[in-house]
Each structure stands twice: as structure tokens, then as C-alpha cells.
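Enquirer: Sending over a structure as C-alpha cells; questions will come in a sec.
Chains as they are written, first to last, in my numbering: chain A, 578 to 1125; chain B, 6 to 274.
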């Protein structure tokens, strides 16, 4: 018998395959041993609504995910769209119409049949301006009505007034309502349904007896009998409850809690790698900002911003602030975003010497340990961030120390959040800010409000009547190109260029991408934490809990 | 009680002396980051270990103590003087002046002054140095902390005003100004002393509260408030008792002040 030489990649692939097989077998054995049970975890705030069309907060979004039936689901693990209530779908060439072929024989939790009329009703409700649905807002394109045409009980076509980029992906957020059920939004098509709600205490979800999905062995899903969601804003209490076995999972952990838990129970913690979330620093580039003119000159100079970026030790930010559970950020999108991340971007380089050289080329000089600009002004600015966010406060102090090495004096100021927002969006009375972007969606279309120069969330210089720089005009153009096309290649090319421009110009100095950290009790079977929300219970219908 | 007072004085002298000598006692500056030794346990190099950014905790405790222990009495002095002026005069003048002063005091007392402090802090210019932020924090505490003392002083001054010896002095033709400075103020001294000593631990704790909220002394300068922030997470401190040192110091100092204060109250009585 001849043994073929394997390269390291093949060996790694083989090992992965064996590992996956072992894990799968383990999960199957576990599931066979334990089906049903109650899963318990925390919501960190009170759900503002149970109407899936009006969801605007994390708690309500979690309930929507667990109870809502959708036409198309984004698989949180593969980051690919998968058919759910729709067997198949097709988008027209002009990108304005999407046609669904629906599954038949499905009923809502109260027994009401599911038909194309329910989809039409849901779209009508979703797009009703009076409802102010945040989910509906992302579908709005152009002026005019959205028309839903029921072709048959299992076929429907929805036409939009203008092309909608990433149209199919948006249906991941649309839970279908029943047109005929007297229970309205409480009649659901998802794996669980709301059974009890104690304001300020808990939400109890019970398995939907009419849920349509079955597993590979033909067993009806979900495996769990119920899910108890404790409303608990205090992370310390959540941690203690988890340690005492009163909770089965913590969906998002910070690095400090993660390490403490890992020290005693390494089998329960999961680091899924870099998430989509980023933390960034930006300078105030607003022309009407009430700050000194010479400071505006620094902040509006790409060379200055690049030098600052180069003088920040991102490895230390990741290692010290996030205890190694973060990666230096390369640009606007994290490498975790498999499709949209521009893989040609280079990792940021830390070099105070190069930063000083670049600043010297712009007329800055180091005198007695203090950096001065060409007019003799000492380079000093303040960084503000929100009080109480330990990670940001620590990053600010590390950056303060890093910049001191190139002679820049930084004042770190922590403000309560409303004051911070007021300075950022109303008075523009600030020098620099450290804040983060929480990306819940993979598609860049969701960040139109950040990158368009006319937007209020274009934080370094918001609400520009016309783009004030050539590169911002180019970003505007490219974002509109990607937003007005349904050709993935064309969209990707446009957004790749946006990422390159952002890295060249550094309007946001991206610092780190946090890792997705979670904890799952060994009693939970079938868990496979991922980076996309909801990290630990994205496959809730296939989870089971033993021993409670 | 005598032993208690001696011990209290010794504790205060030791803590204050060590904090004043921080430049010589501390192994490094309070802002020096040992990035390769973050969150380290106590060792020969770092007696109280290092904090999450690798800064020597012993150095930060010494410098933080200096700030809190020197500026809290300054704020207490300011607030006591304001209380003496407003409360003492109101009590001495009586009538409509007393009612106006007490209405203003009640108004100040009804203000949620923690939020007021947060608001004022938020309105401050951002480019102030950490040292200025320290001064401003304690100045604000002093300017806002006079109200309770003013009520006490108003009542005391009213009592003195109605006393026999003041009436006799007034009947003898003593001027109002002389009456106030020579006869009223000296008799308010015990109350003023007591209010001063009461205010010190209150301001230390207030700064600590602001520090925990991240709104006190600006980084990298330490204060007891910013040092106590390490204790806000139950999970993180259980296995690291050395993190309790700032809290132990705070308790010791506040207790010492209270023991000394009891003597002041005895004297006043």
C-alpha cells in the first residue's frame, strides 16, 4: 500500500473533517440522549414590542428571531441565504421585483393556514408609513407604492418602485404575519411562540406545535420544549447565574468575563473569532466646528490622519484591552464578512518612526518632546468617548500613551452618552472620538447612512450639501453604484474600492474588530456559536438541553 | 476614646505623609505603562501589582491618595465658608433674609446635584489638562456642597442672635458688623469645625462616585474614585484581594475622620 504524501493544508483539511465528524457524532449522540428541556438565557433589556414589524431593539429582535417565520433565512454559519417558508425565489433583471414559490401545507401556531395572502398582508403592513417599521425602512426605494401580487396560494410577486440592492437578503428580517388569525402577531410560523410575559422579569417561549420543519431523521423540530428569557441588564448577575447553572448560555461576553470563565470552565466558553463589530477613532472634520482653525487643518489632512493611524499600536489594543480576543482592524469591514471584505487590504503597520517622518514631511517638528506644526502650534487634542465603556476608556489611554511617544499630547475625556452625542451631532465641539460600529448585517447597503456624505451618520463630517472632498464624492458614487445594482460582482467591485479609499484617507481610523465571545453550558446540545447575531442560538430549533 | 483619636491621627498622618512623599516612594510615575506586565499580581517590582494597562498600582494609590486627600479638605473649606456666609448671615439677620436664604438653600437641596455635576462636567471645555479637571471636580463639589451645612449654621446663628449676651451687646449700642464678627462668629466656630470635618469624607466619597461613573478626575491621573472603578465588577475582584487596597484606605481615612469628628462634636456640645 502506498501512502500519499500530504501537504500541511491537506492534513489540516483531513483533521478538520475528522473533527467535524466527531463533533457531529457527538452532537447526534447528545441529541439522542437529550431532547426537549428548557433553554434559559438573558435579555439585557425589556423587549419594546412583540410586533415583529416594529422591532428596533436587541431584546425584541431575539424574540422575533425565535418566533418569526421568514421566507428566506440567512444561515448564520455559512453566511448564505437558504429557503425557509419560500421553496425558491427569483429576482427580476431590473432588480425591482422578487417572486416567491411558497411551501404548502404550513399552518401558523394557532392553526391558521399559511398562504401567499399572508405574505401580501405582511408586506402591506410593513410598508405602511403609519407603522414606522424600521424593517420596512430598509425596503424603501424611490417613490411610489410596493405592490404585492398574489398569483396563487403558493406564489406571490412583490414589485418595488425602484431597484433594491440585496433584496432577497432583507427578507431574513421579515416575519410573516397572519392575515386571518384573530391572534394577529402572536400567531407565528417560527419554532417558538410567546407563552407568557412578566414585565421586568421574563418572557417564556414555548415550542410551536405546528412548526413545519423536521430534522434529517424525520423528527419534528424544535427539540426544545421552551425557552425562558430572563430580563436582566446586569452582566455581573448574568455571569453569576450562569456559573450557578441557572442560565444555559450567555450570547455575548466581554473579554474579561470570558477569561475569568475560561479559567474555571474552559469547556463552556467559545471564541468564534473576529466579529463584524469595529471600534474606531475619528477626527472632527466639520468645517463649521467651533475649534481652532489650525486644528481643523490637521484633522482635514489625510497625511496627519495616516500618521496618527501609524502611531497607534493596535496589537497592544487587542492584547491588553481585549486580552487577545480582538484583531487589529484593517478597514471598514471585518475579515469575518466573508463576501464583502476586501482581501487585498494590508494589515495596519505600527511605526512611530514612520509616523514622525510623515509628519515631518508635512512641516511638523519635534521640539523638546512636543510636536509642533509649521506655524509653531503645539499638537494637542482631546479624545472623547462614552463614560462607563471600559474598553474604550482603556483604548483611549493606550492611544494617549502611544501618541505621547511622537510628541502629541492627548487629553482623554469621558462624557455621559447624551453629552457625547450632542457634541458629535449638534455642537460639533470636539476634536476626536472613539466609538464603535455594531454591524448586524453583512451587506454594505446597511451602511449607506455612514458612508454617504449627505448622511447624518457620516460622523467625521455629516450632512454635507455636496461632498467637500474628491474622495468623499467618489465614495458617494461607489456606494450608489453598489446600492442600485443586484449584480453581486459589480457591487463587490464598488465596495472593494470604497474600502480602499477609506484605508487611504483614514476618515475613520479603524482600531480593532472584537471577537465574538460566548458561553454555552455543557448541558446544551447542538450549539455551534458563530460571529453573526444571534451568535449562540441561531440554530435554536436544533438545540436541546439535558438535566433541567 | 483617646486611643482611638491617637490611632486616627496616626493613620491620617501616615496616609497623608506617604501620599505627599509619592515622588520618592513610588517605583514609577502613575502613568507609566508596563505593557508586558498588565494585570499582574503583587511582586517585588510592583508591590500591589499592576492595573489592566500595566500601571503600577502602588504608585497610583499613592498619587491618587494625594489628590483625594488634599483636595477634599480644600473643597470642604470652600463649602464651609459658603455655608458660614449664607447660613450664618441668614440666621443672624433673621426675618425675610432668613426666609430667602433658606428658600435658596432648599432649592439647591432639591437639585439632583449628581446630574448637575455631570452636566457641568459635560459643558466644560475638552482641552483642559487632567490637573485642571481635578481642580474643577473638587471646586464643583465645594460650590455645590454647602447647603446642608448652611441650614445647620442658620439655626445656630439664630440661636446665638437671640442669646442674652448678644441682646445685652445690642442694648449697649454695639454695631451690627461688630456684633456679627465679635459675638456671633466666634460662637459658631465649633459648628463650623464640625461641618468642615463632616464634609471631607462626603467629598471624598462624592469624588469616588463620580470617578466610578467615569466623570471625575481625567485619565491618566489617578484618584480614589478612578482606583475604585476596578472594584465595580464583582467577577474580577474575587481572586485578587490586593485590588481592595484603595477601598481599605478610603474606609480607614473616612473612619479616622469620623473618630476625630466625634471629638469635635463633643467639644461643640
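For each residue, glycine too, the CB sits at the ideal point set by N, CA and C.
Please classify residue 1103 (chain A) as buried or exposed, where buried requires at least 16 neighbouring CB atoms within 10 angstroms.
Expert: As a first step, residue 1103 (chain A) is located in the first chain; it is residue number 526 there, counting from the start. Counting Cβ neighbours within 10 Å, residue 1103 (chain A) comes out buried, since at least 16 surround it.
Enquirer: Only counting the same chain, and skipping five residues up and downstream in sequence, which positions put a Cβ closer than 7 Å to that of residue 543 (chain A)?
Expert: Nothing about residue 543 (chain A) can be reported from this structure: the residues present for chain A run from 578 to 1125 only.
Enquirer: Going by DSSP in three states, residue 1093 (chain A) sits in which element: helix, strand or coil?
Expert: Here residue 1093 (chain A) corresponds to residue number 516 of the first chain, with the count starting at 1. It is a strand residue.
Enquirer: Between the stretch 726-741 of chain A and the stretch 676-696 of chain A, do at least 3 Cβ pairs fall closer than 8 Å?
Expert: Because the criterion of three Cβ pairs below 8 Å is met, the stretch 726-741 of chain A and the stretch 676-696 of chain A touch.
Enquirer: In chain order, what residues of the same chain have a beta carbon less than 7 Å from the beta carbon of residue 994 (chain A), not counting five sequence neighbours either side?
Expert: To locate residue 994 (chain A), count along the first chain from 1; it is residue 417. Only 963 meet the Cβ criterion.
Enquirer: To the nearest angstrom, how far is it from the Cα of residue 14 (chain B) to the Cα of residue 266 (chain B)?
Expert: On the second chain, position 9 is the one that residue 14 (chain B) refers to. On the second chain, position 261 is the one that residue 266 (chain B) refers to. Roughly 11 Å separates the two Cα atoms.
Enquirer: Would you kindly report the start and end of the unbroken beta strand (DSSP E) that includes residue 21 (chain B)?
Expert: Taking the first residue of the second chain as position 1, residue 21 (chain B) is located at position 16. It is not in any beta strand (DSSP E) - residue 21 (chain B) instead sits in the alpha helix (DSSP H) that spans 7-25.
Enquirer: Identify the contact partners of residue 561 (chain A) in chain B, using a Cβ-Cβ distance below 8 Å as the criterion.
Expert: With chain A covering only 578 through 1125, there is no way to say anything about residue 561 (chain A).
Enquirer: Looking at the C-beta of residue 30 (chain B), does it have a partner C-beta in chain A at a distance below 8 Å?
Expert: In the second chain, the residue the question calls residue 30 (chain B) occupies position 25. So no, residue 30 (chain B) is outside the interface.
Enquirer: Taking the alpha-carbon positions, what's the residue 784 (chain A) to residue 1122 (chain A) distance?
Expert: What you label residue 784 (chain A) is simply residue 207 of the first chain in a count that begins at 1. What you label residue 1122 (chain A) is simply residue 545 of the first chain in a count that begins at 1. Using only the alpha carbons, I get a separation of about 14 Å.
Enquirer: Indicate whether at least one CB of chain B lies closer than 8 Å to the CB of residue 1095 (chain A).
Expert: By one-based count along the first chain, residue 1095 (chain A) stands at place 518. No, residue 1095 (chain A) does not count as interfacial toward chain B.
Enquirer: Using a Cβ-Cβ distance under 8 Å, would residue 58 (chain B) count as near chain A?
Expert: For the purposes of this step, residue 58 (chain B) is taken as the residue at position 53 of the second chain. Yes, contact with chain A.
Enquirer: Please report whether the beta-carbon of residue 43 (chain B) lies at a distance below 8 Å from any beta-carbon of chain A.
Expert: Here residue 43 (chain B) corresponds to residue number 38 of the second chain, with the count starting at 1. With 8 Å as the cut-off, residue 43 (chain B) counts as an interface residue toward chain A.
Enquirer: Using the Cβ count rule (16 or more neighbours within 10 Å means buried), how would you classify residue 223 (chain B)?
Expert: On the second chain, position 218 is the one that residue 223 (chain B) refers to. That one is buried.
Enquirer: Give me the Cα-Cα distance between residue 600 (chain A) and residue 685 (chain A), rounded to the nearest whole angstrom.
Expert: Within the first chain, the letter at position 23 stands for residue 600 (chain A). Within the first chain, the letter at position 108 stands for residue 685 (chain A). Residue confidence is low: residue 600 (chain A) scores 44 on pLDDT, short of 50, so the model does not pin down where it sits. No coordinate-derived value is stated.
Enquirer: Give me the chain A residues within the contact set of residue 225 (chain B), using Cβ-Cβ distance strictly less than 9 Å, ordered along the chain.
Expert: Numbered from 1 along the second chain, position 220 holds the residue referred to as residue 225 (chain B). The answer, in chain order, is 974, 977, 978, 989.
Enquirer: When you compare the CB positions of residue 1063 (chain A) and residue 906 (chain A), do they come within less than 8 Å of one another, or not?
Expert: Position 486 of the first chain, counted from the start, is the residue given in the question as residue 1063 (chain A). Position 329 of the first chain, counted from the start, is the residue given in the question as residue 906 (chain A). No. Outside cutoff.
Enquirer: I need the boundaries of the beta strand (DSSP E) containing residue 812 (chain A), first residue and last residue.
Expert: Your numbering for residue 812 (chain A) matches position 235 in the first chain. It is not in any beta strand (DSSP E) - residue 812 (chain A) instead sits in the alpha helix (DSSP H) that spans 812-820.
Enquirer: What number of angstroms, rounded off, separates the C-alpha of residue 1025 (chain A) from the C-alpha of residue 973 (chain A)?
Expert: As a first step, residue 1025 (chain A) must be located in the first chain, where it is residue number 448. As a first step, residue 973 (chain A) must be located in the first chain, where it is residue number 396. Taking the straight line joining both Cα atoms gives about 27 Å.
Enquirer: Whose CA, out of A:1011, A:1002, A:927, A:848, lies closest to the CA of residue 983 (chain A)?
Expert: Within the first chain, numbered from 1, the residue matching residue 983 (chain A) stands at position 406. Nearest option by C-alpha distance: A:927.
Enquirer: Name, in chain order, the residues that DSSP records as bridge partners for residue 663 (chain A).
Expert: Locating residue 663 (chain A) in the first chain gives position 86, where the first residue counts as 1. A:679.
Enquirer: So the alpha helix (DSSP H) residue 848 (chain A) belongs to, where does it begin and stop?
Expert: Stepping through the first chain from its first residue, residue 848 (chain A) is reached at position 271. No alpha helix (DSSP H) holds residue 848 (chain A); the beta strand (DSSP E) holding it covers 846-860.
Enquirer: Where do the N-terminal and C-terminal ends of the beta strand (DSSP E) with residue 806 (chain A) fall, by residue?
Expert: Here residue 806 (chain A) refers to the residue found at position 229 when the first chain is read from its first residue. Residues 803-808.
Enquirer: Helix, strand or coil, according to DSSP, for residue 1117 (chain A) in the structure here?
Expert: As a working note, residue 1117 (chain A) is residue 540 in the first chain. Here residue 1117 (chain A) sits in helix by DSSP.
Enquirer: Could you check where the beta strand (DSSP E) with residue 1056 (chain A) kicks off and where it finishes?
Expert: In the first chain, counting from the first residue as 1, residue 1056 (chain A) sits at position 479. Element bounds for residue 1056 (chain A): not the beta strand (DSSP E) but the alpha helix (DSSP H), 1047-1060.
Enquirer: For residue 227 (chain B), which residues in the same chain have their Cβ closer than 6 Å to its Cβ, ignoring the five residues on either side in sequence?
Expert: What you label residue 227 (chain B) is simply residue 222 of the second chain in a count that begins at 1. Within the same chain, residue 227 (chain B) has close Cβ partners 35, 65, 68, 69.
Enquirer: Thinking C-alpha only, which one of A:870, A:877, A:833 is nearest residue 901 (chain A)?
Expert: Your numbering for residue 901 (chain A) matches position 324 in the first chain. With distances taken between Cα atoms, residue 901 (chain A) lies closest to A:833.
Enquirer: Can you tell me whether residue 887 (chain A) is buried or exposed? The criterion is at least 16 other CB atoms within 10 Å of its CB, across all chains shown.
Expert: Here residue 887 (chain A) refers to the residue found at position 310 of the first chain. Flag for residue 887 (chain A) reads buried.
Enquirer: What residues of chain A sit near residue 38 (chain B), judged by a beta carbon separation below 7 Å?
Expert: Counting from 1 along the second chain, the entry for residue 38 (chain B) is found at position 33. Within 7 Å Cβ-Cβ: 978.
Enquirer: Name the DSSP beta bridge partners of residue 1013 (chain A), please?
Expert: Working through the first chain from its first residue, we reach residue 1013 (chain A) at position 436. Residue 1013 (chain A) pairs with A:856.
Enquirer: Excluding five sequence neighbours on each side, which residues of the same chain lie with their C-beta closer than 6 Å to the C-beta of residue 106 (chain B)?
Expert: Looking up residue 106 (chain B) in the second chain gives position 101. Answer for residue 106 (chain B): 91, 95, listed in chain order.
Enquirer: Could you work out which residues of chain B lie near residue 992 (chain A), taking near to mean beta carbons separated by less than 7 Å?
Expert: If you number the first chain from 1, residue 992 (chain A) lands on position 415. Going along chain B in sequence order, the residues near residue 992 (chain A) (Cβ under 7 Å) are 127.
Enquirer: Report the neighbours of residue 123 (chain B) on chain A: residues whose CB is nearer than 7 Å to its CB, in chain order.
Expert: Translated into the one-based positions of the second chain, residue 123 (chain B) becomes position 118. The contacting residues are 993.
Enquirer: Kindly give me the distance between the Cβ atoms of residue 540 (chain A) and residue 805 (chain A), rounded to whole angstroms, as I take these residues to be in contact under 8 Å.
Expert: One cannot answer for residue 540 (chain A) here, as it falls past the ends of chain A, which runs 578 to 1125.
Enquirer: What's the gap between the Cα of residue 615 (chain A) and the Cα of residue 1117 (chain A)?
Expert: Locating residue 615 (chain A) in the first chain gives position 38, counting from the first residue. Locating residue 1117 (chain A) in the first chain gives position 540, counting from the first residue. The alpha-carbon atoms of residue 615 (chain A) and residue 1117 (chain A) are separated by roughly 11 Å.
Enquirer: With 9 Å as the limit, tell me which residues of the stretch 129-156 of chain B have their beta carbon closer than that to any beta carbon of chain A; keep them in chain order.
Expert: Cβ contacts with chain A: 129, 130, 131, 132, 133, 134, 135, 138.
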